[in-house]
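Chains as they are written, first to last, in the numbering used here: chain A, 4 to 122; chain B, -1 to 110.
For glycine and all other residues, C-beta sits at the position ideal for the given N, C-alpha and C.
Here the structure is a predicted model, which means the values were calculated and not measured.
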Amino acid sequence: AQSVTQLGSHVSVSEGALVLLRCNYSSSVPPYLFWYVQYPNQGLQLLLKYTSAATLVKGINGFEAEFKKSETSFHLTKPSAHMSDAAEYFCAVSDPPWAGGTSYGKLTFGQGTILTVHP
Amino acid sequence: DAGITQSPRHKVTETGTPVTLRCHQTENHRYMYWYRQDPGHGLRLIHYSYGVKDTDKGEVSDGYSVSRSKTEDFLLTLESATSSQTSVYFCAISDRVRGEQYFGPGTRLTVT
């Protein structure tokens, strides 16, 4: 079974500071990994995804994440926070296509991390 | 944005009443999903569909049923709503090639 743990339900940074949101996963097969962002009263928007190609993945809005198999981690970073980055962020894991079966594509989500950016 | 709509967007209902939520897509994607979002739990999968009339249970399926009679529509039914089903419900779609899911705007359901 897959699982995702996001360390820290709330993270607060100053505008211009580094953003680091932590995600650790558990999976019996090499996973696909995702980061989604949710702004208040909206649906989830895909930030970036890892699908077994490059381990450093660049996404939208200046975010990037690095897949580290040895640490089973997929932490999300942004060098300089902006006020507009304030939102809730979710890490998610799924089986890869070659895992087969009808369950491909099912996402297991972490609990979410609320990012607050102070001026 | 992916063409996904959910209806209604907000609903208040009483305990014991049936409720149906609708998800409609214009992307012709094969896979559709229903999640519920609750504070501290992230999103949890209720049911999913891998084709017309093909559905399966997710992590929190008790008290919910689904139907998919057309590619574009995926219905979630609460047969007899309970207060524990007060939540925000999201529909998502995906294609098998890219792997990621695209989410609808959500339905806020309150059961009193």
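Those residues which DSSP pairs with HIS27/B across a bridge = What you label residue 27/B is simply residue 29 of the second sequence in a count that begins at 1. Its beta-bridge partners do not exist; DSSP assigns none.
ask   = Is it buried or exposed for TYR42/A, if we count other Cβ within 10 angstroms and need 16 for buried?
value = Numbered from its first residue, the first sequence carries residue 42/A at position 39. Answer is exposed; the Cβ neighbour count stays below 16.
query = Under a Cβ-count criterion, where at least 16 other Cβ atoms within 10 Å of its own Cβ denotes burial, should THR105/B be classed as buried or exposed?
reply = The count along the second sequence starts at 1 and reaches residue 105/B at position 107. That one is buried.
ask   = Sorted by chain position, which residues of the same chain lie with C-beta nearer than 8 Å to THR53/B's C-beta, five sequence neighbours on each side aside?
value = Counting from one through the second sequence, the residue named residue 53/B turns up at place 55. Answer for THR53/B: HIS45, TYR46, SER47, VAL64, SER65 and ARG66, listed in chain order.
inquiry  = Taking the beta carbon of HIS13/A as the centre, do at least 16 other beta carbons fall within 10 Å, making it buried, or is it exposed?
reply    = Numbered from its first residue, the first sequence carries residue 13/A at position 10. So HIS13/A counts as exposed.
inquiry  = Whole angstroms are fine: how far does the CA of LEU107/B sit from the CA of THR15/B?
reply    = Residue numbering aside, residue 15/B sits at position 17 when the second sequence is read from its first letter. Residue numbering aside, residue 107/B sits at position 109 when the second sequence is read from its first letter. Rounded to the nearest angstrom, the two C-alpha atoms are 13 Å apart.
ask   = Can you tell me whether THR111/A is buried or exposed, with buried defined as 16 or more other CB within 10 angstroms of its CB?
value = As a first step, residue 111/A is located in the first sequence; it is residue number 108 there, counting from the start. Under this definition THR111/A is a buried residue.
key: Range covered by the beta strand (DSSP E) that runs through PHE77/A   = As a first step, residue 77/A must be located in the first sequence, where it is residue number 74. Start and end: 76 to 81.
ask   = Counting pairs of beta carbons, one from the stretch 17 to 27 of chain B and one from the stretch 64 to 84 of chain B, are three or more of them closer than 8 Å?
value = yes
task = Would you identify the three-state DSSP class for ASP93/B, choosing helix, strand or coil?
result = Taking the second sequence and counting its residues from 1, one reaches residue 93/B at position 95. Reduced to three states, the DSSP call for ASP93/B is coil.
request  = Tell me GLN35/B's beta-bridge partners as DSSP assigns them.
outcome  = Start at 1 with the first residue of the second sequence, and residue 35/B comes out as number 37. LEU41/B and VAL86/B, per the DSSP bridge assignment.
Range covered by the beta strand (DSSP E) that runs through TYR28/A = Within the first sequence, residue 28/A is the residue found at index 25, counting from 1. Counting along the chain, the beta strand (DSSP E) containing TYR28/A begins and ends at 22 to 29.
key: Inter-residue CB distance, THR3/B and VAL109/B (contact presumed, cutoff 8 Å)   = Counting from one through the second sequence, the residue named residue 3/B turns up at place 5. Counting from one through the second sequence, the residue named residue 109/B turns up at place 111. About 23 Å; that fails the 8 Å criterion.
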